[in-house]
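Note sheet for the following structure.
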Amino acid sequence: MTQTARARYAAVLDRSLGDLTTAAIARMDSELDWFSELDAEQRSWISMIAHAGIAQCSQWLRSPGRPLDVSEQVFGAAPRTLTRDVSLQRTVAMVRTTIEVIESRIVDLFGPEEADEAARAMSEYAREVAFATAEVYARAAEARGAWDARLEALAVDAVVRGETEDLVRSRVAVLGWDAGGPVVVVVGAAPQAPGVDDETVVEQVRSCAGRSGLTALTSVQLDRLVVLLAGADEPRAAALAVASAFGDGPVVVGPPVGSVAQAHRSSRAAVAGYRAAGGWPDAPRPVLADELLVERALAGDGHARRELVGQVYERLRADDPVVLGTLAAYLEAGSSVEAAARRQFVHPNTVRYRLRKVRETTHWDPLSARGAYTLRVALTLGGLLAAGNGTGNPPNLEDSSKRTPRS
Numbered sequence: 001m002t003q004t005a006r007a008r009y010a011a012v013l014d015r016s017l018g019d020l021t022t023a024a025i026a027r028m029d030s031e032l033d034w035f036s037e038l039d040a041e042q043r044s045w046i047s048m049i050a051h052a053g054i055a056q057c058s059q060w061l062r063s064p065g066r067p068l069d070v071s072e073q074v075f076g077a078a079p080r081t082l083t084r085d086v087s088l089q090r091t092v093a094m095v096r097t098t099i100e101v102i103e104s105r106i107v108d109l110f111g112p113e114e115a116d117e118a119a120r121a122m123s124e125y126a127r128e129v130a131f132a133t134a135e136v137y138a139r140a141a142e143a144r145g146a147w148d149a150r151l152e153a154l155a156v157d158a159v160v161r162g163e164t165e166d167l168v169r170s171r172v173a174v175l176g177w178d179a180g181g182p183v184v185v186v187v188g189a190a191p192q193a194p195g196v197d198d199e200t201v202v203e204q205v206r207s208c209a210g211r212s213g214l215t216a217l218t219s220v221q222l223d224r225l226v227v228l229l230a231g232a233d234e235p236r237a238a239a240l241a242v243a244s245a246f247g248d249g250p251v252v253v254g255p256p257v258g259s260v261a262q263a264h265r266s267s268r269a270a271v272a273g274y275r276a277a278g279g280w281p282d283a284p285r286p287v288l289a290d291e292l293l294v295e296r297a298l299a300g301d302g303h304a305r306r307e308l309v310g311q312v313y314e315r316l317r318a319d320d321p322v323v324l325g326t327l328a329a330y331l332e333a334g335s336s337v338e339a340a341a342r343r344q345f346v347h348p349n350t351v352r353y354r355l356r357k358v359r360e361t362t363h364w365d366p367l368s369a370r371g372a373y374t375l376r377v378a379l380t381l382g383g384l385l386a387a388g389n390g391t392g393n394p395p396n397l398e399d400s401s402k403r404t405p406r407s
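Read left to right, the sequence shown gives residues 1 to 407 (UniProt numbering).
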C-alpha cells in the first residue's frame, strides 16, 4: 500500500469519525450483554475510547511504522479505572466490535475497488491495537499487584504492632480481604533458600491456604514470616496447612480470635511464643502459643505469667486448696505418687485422684514430664504472687521488655 493511499484512507476515517463511533457504541449495546449493565460514566469512557481508537487508526495509517501508544492516545485518563472495572476480555470484545463496524462499511467508505486493500489495513491495525491493549492490562496488573503487596505488608505490620482496631480494620478493608470465621496469626522463620524471594513466599502461602479453604494475609519481615489466616476453626490444623511455606525452625500459632480487628491478641502470643520457642527444642511444628506458656513466662512475657497463675494457681486455690496442696507435695517429692502420699498422710490412690482433678481443672497433666514442668513454674509464680501480696509488695508480672530501665 502506497503512502498516498494510506493518507487517503486516513482522511476518509477522519471525516467519518463521529458516525463510526456512534455505530460502534450502538452495536456494543445490542450485541454485548454486559454493556447495558455499565453505568453512565463507564459507558462515556468506552465511547471516548472508541472515538480515540478510530482516530488513532487514521494516525497509524499516515505513519505505519510508528508503534501504537494505546495507553495515552486511546485510553487517555481512563486506563487505571477501566482496567479495574472492565476486564481484558471485555475490552478485546469492544475493540473487535469497533473494527467490525469499520470493516462493515469499507465499501461505502473507500469504494469497491479499494475495499480489499483497506480491509487488509484494518486487520493489521486490529492486530496491533490488540497487542497494545494486552500490554496496558499487563502493566496495570503488575502495578496493582505491587501496590496490593505493600498494603498487605502494612496491614500485617499493623496487627503485629498492636495498632488500634479501627486502623487494622480500615487497612484490611482496602485489600478487600475476606476475614470470615476465626482468625489466627502464625509466625516462623522466612525461607532462606536461593532464588526464593518475598513474592514467591507470599504466593506459596496463598496457595497452601487456599487448598485448605483458608484466606491469608502475609508479610515477610526481614527473617520472619507472619501469616494471618481467616476461617481457622482449628488453629493447629490451619497452621499445618501453611507450615511448608516457612523456613527451618519453630512455627508458632496464636490463639484464635473472633475477627481481624482483634488479631493483635493472637499476634502478641504467637510472636512471644516464637521468641521463646528455643526453650523447648522438642516442641511440635507447628506449636500452639499456649503450649509455650512456661517458656514465654521465663522469657519475660507478662501475659504468659498472668495466664499461668490464673489457669493453675488461682483456679486450683479457688476450686479446692487441698488439691493444690497435693500437687505441690507431688512436685516437691520428685513427681512420686507414693512419696507425695506419705507427705500428705493419705493413700496413693487419693493422690492419683487429686492429680486427675488437677488435669481436669488446668488441662495440664502432672503425670507427664511436660505437664509437671509447666505446673511447677505456675505454682512458683503463684507462690511469689501470694507472698508478695502478704507483704504489700506484689511481684511485677508485667512484660519485662516493657519496663522502664533503671537510671
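Beta carbons are placed, not taken as given, at the ideal position from N, Cα and C, and that holds for glycine. Please read all numbers here as calculations on a predicted model, not as lab measurements.
Nonlocal neighbours in the same chain, by C-beta distance under 6 Å from residue i, ignoring five residues either side
i           : result
residue 348 : 337, 338 and 341
residue 107 : 115
residue 369 : none
residue 319 : 361
residue 172 : 155 and 260
residue 47  : 25
Contact set for residue i: own chain, Cβ-Cβ below 8 Å, skip 5 residues either direction
i           : result
residue 450 : Here the chain comprises residues numbered 1 to 407, so residue 450 is not present and cannot be evaluated.
residue 257 : 182, 183, 184, 263, 265 and 266
residue 34  : 90
residue 16  : 105 and 109
residue 417 : Nothing can be reported for residue 417: it is not among the residues displayed for the chain, which extend from 1 to 407.
residue 126 : 95, 96 and 99
residue 315 : 361 and 362
residue 168 : 155, 158, 159, 260, 261, 263 and 264
residue 383 : 313
Anticipated Cβ contact below 8 Å, residue i with residue j, distance rounded
i           : j           : result
residue 235 : residue 184 : 5 Å
residue 13  : residue 57  : 6 Å
residue 219 : residue 156 : 4 Å
residue 101 : residue 23  : 5 Å
residue 312 : residue 378 : 4 Å
residue 229 : residue 245 : Actually they are not in contact, since the Cβ atoms of residue 229 and residue 245 sit about 12 Å apart, beyond 8 Å.
residue 188 : residue 252 : 7 Å
residue 241 : residue 207 : The Cβ separation is near 10 Å, so there is no contact.
residue 196 : residue 239 : Not really, about 20 Å apart at Cβ, beyond 8 Å.
residue 250 : residue 283 : 6 Å
Reduced DSSP category for residue i - H, G, I as helix; E, B as strand; rest coil
i           : result
residue 333 : coil
residue 324 : helix
residue 224 : strand
residue 188 : strand
residue 294 : helix
residue 367 : coil
residue 386 : helix
residue 172 : helix
residue 309 : helix
residue 219 : strand
residue 196 : coil
residue 23  : helix
residue 299 : coil
residue 232 : coil
residue 94  : helix
residue 103 : helix
Extent of the continuous alpha helix (DSSP H) run through residue i
i           : result
residue 52  : 40-62
residue 481 : Outside the displayed span of the chain (1 to 407) sits residue 481, for which this structure offers no information.
residue 214 : Note, residue 214: premise wrong, no alpha helix (DSSP H); not H, not E.
residue 36  : Neither: residue 36 is in no alpha helix (DSSP H) and is coded neither H nor E.
residue 110 : 106-110
residue 14  : 3-15
residue 235 : 235-242
residue 319 : 315-319
residue 289 : No alpha helix (DSSP H) contains residue 289, which DSSP labels as neither H nor E.
residue 161 : Looking at the DSSP string, residue 161 is not in any alpha helix (DSSP H), and its letter there is neither H nor E.
residue 273 : 263-276
Own chain partners of residue i with C-beta closer than 7 Å, once the 5 adjacent residues on each side are dropped
i           : result
residue 275 : 299
residue 190 : 201, 220, 223, 224, 225 and 247
residue 307 : 293
residue 296 : 272, 273, 276 and 304
residue 192 : 247
residue 198 : 220
residue 483 : Residue 483 cannot be examined here, being either before or after the span of the chain that is shown, 1 to 407.
residue 7   : 62
residue 393 : Note that residue 393 has pLDDT 47, beneath the 50 cutoff, so the model's placement of it is unreliable and the number below is only indicative. So the list is empty, once near-sequence residues are dropped.
residue 9   : 61, 110, 118 and 121
Endpoints, the beta strand (DSSP E) within which residue i is located
i           : result
residue 253 : 251-253
Short CB-CB distance (under 9 Å) between residue i and chain B
i           : result
residue 187 : Absent here is chain B; the protein component of the structure consists of one chain.
message = Quick test of the definition: if touching needs 3 or more C-beta pairs under 8 Å, does the segment 21-35 touch the segment 96-116?
response = The answer is yes - the segment 96-116 touches the segment 21-35, with three or more Cβ pairs under 8 Å.
inquiry  = Would the segment 287-306 count as touching the segment 217-229 if we require 3 or more Cβ pairs under 8 Å?
reply    = no
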